[in-house]
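In UniProt numbering, the protein residues as written are 1 to 106.
Scroll down for the structure; my scribbles are underneath it.
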């Protein structure tokens, strides 16, 4: 497994754990029985579906906006680089031009 795959898997597990924790704390009222009540099952189902739909919506918006965000960052970087080059050019001392040819001395 490469590092990118491991990162995606970690992100998936974190998301899964967040959904599990949120739905459990919202839907489970009593821990006295090993099985879930019908109301708890319905609540868990709707909670998980809601979180999955929200996650899909966020991902689709992100994928839609990502190219614009990247282009804006590239443009900002290029502008900053151009300003830096201009500042360097202004701070460099000018060397006087010599009109005499360079000759080898013996």
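By construction, the Cβ of each residue, glycine as well, lies at the ideal position given by its N, Cα and C atoms.
Computed from a prediction, not measured in an experiment: that's the story for all the values here.
Between residue 44 and residue 27, the CB-CB gap stays under 8 angstroms. Take the alpha-carbon of residue 35 and the one of residue 22: they are about 19 angstroms apart. Contact between the region 36 to 56 and the region 10 to 24 is present, with at least three C-beta pairs closer than 8 angstroms. Residue 71 is not a Cβ neighbour of residue 15, given a cutoff of 8 angstroms.
CA-CA distance, residue 91 to residue 78, rounds to 20 angstroms.
Spanning the alpha carbons of residue 9 and residue 19 requires a straight line of approximately 15 angstroms.
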